[in-house]
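What follows is a set of notes on a single structure, which appears directly below.
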Amino acid sequence: MDKSADVLLFEVGLVVLDDIGKLIHSRKFVQPSIAYHSLSLRENRELTEIVPLLRKFYSVRVSHSILLDILGKEGFRVELLAESEQDALNKNKLDLVTKYGLCENRIEAIKELQQFATDYSSIRIKLTSESLDLHVGQAVNGLDEIDETINTIGTRMREWYGLHFPELDNLLQNVTTYAFIVKSAGPRENITKDILFQADLQENKIQLIMNMASKSRGGDLAAESSQILQKLASEVIELSKLREALSEMIETVMEDIAPNIKKMLTPVIAARLIARAGSLRKLAFLPASTIQILGAEKALFRALKTGARPPKHGLLFQHPAVHSAPKWQRGRIARALASKIAIFARIDLYRHAPAEDDLMSRLNKRIETIQKSPQKFGSKYDMGLRSDIKRRTDGNFGRRDKGDRWKKKKGYDKRRNRFGRREH
Amino acid sequence: MEDESISNITLDGRQHLATLNLIRGNTVYGERLVVKKGNEYRIWDPFRSKLAAALTKGLKNFHLPVRSNVLYLGASTGTTVSHLSDIVGQIGKIFAIESSSRVARELIFNVASKRQNVTPIIADARKPRSYFSVFDTIDLVYCDIAQPDQTLIAIDNCRVYLKTGGILLLVIKTRSIDVTMDPRKVIKQEVKKLEENSFVVTQRVDLDPFDKDHAMVYAIYNTN
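Note that the protein sequences, when read in sequence, are chains F and E. Numbering of the first sequence is given in the numbering used here, commencing with residue 141 and proceeding in unit increments. Numbering of the second sequence is given in the numbering used here, commencing with residue 324 and proceeding in unit increments.
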């Protein structure tokens with residue numbers, strides 16, 4: 141019972157050796173990539189044959205940290221082979237797998253190892269492609285792009301229909317309502333009370349529009365233009381529906397993967413943060429200071445290069461507590477928010493349960509304190525200082541005084557080649 | 324550069340680098356194929372591949388024999404990998420490490436699934452012992468990763484895998500190391516790190532204008 145055994149994990153199979161290096165057991169994986177994947181999830185399915193064999197030994201030495209974890213759980217005295225021994229295994233892998241009968245010869249071994257790597261990498265890619273935070277990232281980017289599109293073609297529709305019924309533009313703010321009327325009616329003569337009622341408009345607004353339609357100064361609308369305009373309008377409506385579906389999807393998925401940051405930031409901002417960081421896992425590993433300026437990389441690198449002021453907030457600017465605050469409070473509020481996001485992201489990743497209410501109330505209290513705090517005299521935002529006002533109106537917003545001087549230095553053009561033209 | 328695998332080809336009055344295509348008729352990233360003396364060559368664009376840029380800018384003594392083994396850190400979508408795969412031939416091997424599964428997808432679909440000598444490995448180059456499927460001795464380590472500690476990562480990998488007398492080709496991305504520092508200083512500092520770790524740096528090539536603020540360093544690993 142005082143002997144030890146070695147368990148060696150190769151990509152194509154497992155080998156057990158006794159203390160004098162004699163082969164006790166070798167097992168070739170039927171589907172190496174799947175077997176290796178199950179092992180890497182710390183499942184002991186592939187080890188069922190080996191475990192009873194090993195009971196005879198006092199201790200076990202293993203070639204891989206995966207085995208260390210699994211066999212450790214099984215209650216063995218396990219240690220990892222020395223790094224030099226692991227490296228030797230790697231260097232002689234082709235000879236070893238042949239020697240222990242896992243592959244027929246070196247050429248077969250090369251082929252099988254290559255096949256394994258491709259298969260296993262494909263499994264890994266498939267799994268990451270299935271992770272929900274990638275999908276929510278795509279969804280939120282899609283949401284922004286659809287907003288842009290609705291805005292662009294919505295404006296085109298208004299401009300175009302405005303040739304025919306210019307008065308309507310001022311009466312209606314909402315693009316989808318406008319689009320609904322254009323789509324249902326076509327030329328302004330066809331606008332009826334019924335259509336306007338379906339568009340969810342107030343009684344007095346309906347009266348007004350009907351009035352304006354009858355005495356509009358717009359030109360007549362040819363049938364061709366009318367048809368195209370109606371199609372354009374229905375696109376706007378379809379896109380708005382798609383936008384709603386997307387934002388619902390983001391909401392449900394965010395509830396699933398990151399309920400705490402979702403609750404704190406609203407689903408869309410939280411999703412944007414995750415998309416910008418790459419994944420929830422990456423976000424959870426970021427320091428609060430990085431989260432604070434996530435999305436303001438350009439400004440950050442400019443600050444590092446030229447000595448301008450660093451950005452106060454990136455994506456977090458979209459949070460109501462930040463953008464509704466006066467300028468001189470925004471940096472501090474963003475910093476308070478970021479520090480709690482860092483904590484919440486970690487809770488979402490690992491605990492996957494609601495965070496303590498205490499954290500949220502402490503954040504709210506902190507924001508309240510910032511909101512009540514008096515403005516510092518002589519700060520950048522203190523309008524009382526003349527030099528500050530000047531600095532802001534000369535188009536050099538927020539840059540320190542030394543920020544300009546380096547441009548005038550001799551050899552500036554040379555410096556620009558090295559620093560200036562680089563894009564971040 | 325009188326290798327038969329790397330060739331200079333004149334096209335439309337201009338000299339181009341090219342490698343002997345391992346798989347006839349196959350293009351990887353939309354590069355042009357040219358037939359010369361019955362052999363098919365793939366044009367190697369220095370704007371797409373930093374190794375081609377280094378060769379164009381005068382990297383000497385780059386001689387990678389057929390059947391070499393290469394460990395490639397930061398394989399990305401496999402542009403340079405595919406040309407190295409041309410050079411080492413069927414019996415050589417390229418172990419292509421890439422941590423991002425997004426670009427590794429293209430590496431696998433476009434390069435590894437077609438070229439028998441490329442082994443794709445999705446792993447973090449910071450942990451050289453966690454790679455699966457690396458075997459045999461490595462003759463060349465090629466490192467092109469955008470991390471502040473890229474040189475140390477390359478050194479760690481060489482310690483584990485590179486044979487004595489093997490070659491390290493390191494792309495120094497000065498902007499990834501320190502945006503605020505003078506690029507020339509960064510290169511000096513990184514070269515010093517290599518020399519402190521038993522490398523002999525024989526050449527450094529500035530990759531401008533193909534890649535701004537990048538340099539390629541050619542170092543020989545000398546453990547004795």
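We put the beta carbon where it would ideally sit given N, CA and C, even for glycine.
Hey, does residue i have any beta-carbon neighbour from chain F nearer than 8 Å?
i, result
"residue 456(E)", "yes"
"residue 337(E)", "no"
"residue 431(E)", "yes"
"residue 521(E)", "no"
"residue 443(E)", "yes"
"residue 439(E)", "yes"
"residue 435(E)", "yes"
"residue 459(E)", "yes"
"residue 499(E)", "no"
"residue 324(E)", "For residue 324(E), the predicted structure reports a pLDDT of 42, less than 50, and the residue's modelled location is therefore unreliable. A value from the coordinates is still provided. It does not; no Cβ of chain F falls within 8 Å."
"residue 527(E)", "no"
"residue 452(E)", "yes"
"residue 502(E)", "yes"
"residue 427(E)", "yes"
"residue 408(E)", "no"
Per DSSP, residue i forms a beta bridge with which residues?
i, result
"residue 355(F)", "Looking at the DSSP assignment, residue 355(F) forms no beta bridge with any residue, so it has no partner."
"residue 528(E)", "539(E)"
"residue 367(E)", "340(E)"
"residue 420(E)", "396(E), 444(E)"
"residue 219(F)", "201(F)"
"residue 490(E)", "463(E), 543(E)"
"residue 385(E)", "None; residue 385(E) has no bridge partner."
Keeping to the same chain, check which residues put their C-beta closer than 6 Å to that of residue i; ignore five residues upstream and five downstream.
i, result
"residue 535(E)", "none"
"residue 397(E)", "467, 468"
"residue 149(F)", "203, 204, 207"
Does any CB atom of chain E fall closer than 8 Å to the CB of residue i?
i, result
"residue 233(F)", "yes"
"residue 147(F)", "no"
"residue 530(F)", "Any answer about residue 530(F) is weak, because its pLDDT of 46 lies below 50 and its placement is not dependable; what the coordinates show is given next. No, no contact with chain E."
"residue 256(F)", "yes"
"residue 265(F)", "yes"
"residue 230(F)", "yes"
"residue 226(F)", "yes"
"residue 535(F)", "Interpretation of residue 535(F) is limited by its pLDDT of 49, a score under 50 that renders its predicted location unreliable; no figure is taken from the coordinates."
"residue 197(F)", "no"
"residue 268(F)", "yes"
"residue 539(F)", "Residue placement at residue 539(F) cannot be trusted, given a pLDDT of 49 that sits under 50; what the coordinates show is reported in the next sentence. No, residue 539(F) lies away from the interface with chain E (no Cβ there is under 8 Å from its Cβ)."
"residue 151(F)", "yes"
"residue 324(F)", "no"
"residue 525(F)", "Since pLDDT at residue 525(F) reaches only 47, below the 50 mark, its modelled position is unreliable, and the value read off the structure follows with that caveat. Not closer than 8 Å to any Cβ of chain E, the Cβ of residue 525(F) fails to qualify, so no."
"residue 223(F)", "yes"
"residue 140(F)", "Limits of chain F in this structure are 141 at one end and 564 at the other, which puts residue 140(F) out of reach."
Could you round the C-beta distance between residue i and residue j to whole angstroms and report it? I think they count as a contact, below 8 Å.
i, j, result
"residue 267(E)", "residue 544(E)", "For chain E, the structure presents residues 324 to 547; residue 267(E) sits outside this window and is missing."
"residue 151(F)", "residue 418(E)", "The Cβ separation is near 13 Å, so there is no contact."
"residue 319(F)", "residue 294(F)", "7 Å"
"residue 238(F)", "residue 249(F)", "6 Å"
"residue 413(F)", "residue 286(F)", "Not really, about 19 Å apart at Cβ, beyond 8 Å."
"residue 201(F)", "residue 273(F)", "No, residue 201(F) and residue 273(F) are not in contact; Cβ-Cβ is about 39 Å, not under 8 Å."
"residue 483(E)", "residue 443(E)", "Actually they do not touch by this definition, with Cβ atoms about 19 Å apart."
"residue 430(E)", "residue 404(E)", "7 Å"
"residue 260(F)", "residue 173(F)", "4 Å"
"residue 143(F)", "residue 197(F)", "5 Å"
Whose C-beta lies closer than 7 Å to the C-beta of residue i among residues of the same chain, with five residues either side of it excluded?
i, result
"residue 326(F)", "366, 370"
"residue 381(E)", "528"
"residue 187(F)", "210"
"residue 376(E)", "369, 530, 533, 534"
"residue 387(E)", "410, 411, 463"
"residue 479(F)", "428"
"residue 379(F)", "286, 289, 290"
Tell me which same chain residues have a C-beta within less than 8 Å of the C-beta of residue i, skipping the five on either side of it?
i, result
"residue 384(E)", "525, 526, 541"
"residue 461(F)", "473, 477, 507"
"residue 269(F)", "none"
"residue 475(E)", "516"
"residue 364(E)", "330, 332, 341, 342, 343, 344, 356, 357, 358"
Using the beta-carbon of each residue, which ones in chain B are nearer than 8 Å to residue i?
i, result
"residue 253(F)", "Of the protein chains in the structure, F and E, none is chain B."
- Task: Please list the residues of the stretch 530-545 of chain E that have a C-beta atom closer than 8 Å to any C-beta atom in chain F, keeping them in chain order.
- Result: 535, 536
- Message: To be precise: take each residue of the stretch 468-485 of chain E, compare its Cβ to all Cβ atoms of chain F, and keep it if any distance is under 8 Å. Which residues remain?
- Response: 483, 484
- Query: Just by C-beta distance, which residues in the stretch 438-464 of chain F are closer than 8 Å to chain E?
  - Reply: 441, 444, 445
- Task: Give the residues from the stretch 313-346 of chain F that approach chain E closer than 9 Å (Cβ to any Cβ), ordered along the chain.
- Result: none
- Along the stretch 410-426 of chain E, what residues have a CB closer than 7 Å to any CB found in chain F? 424
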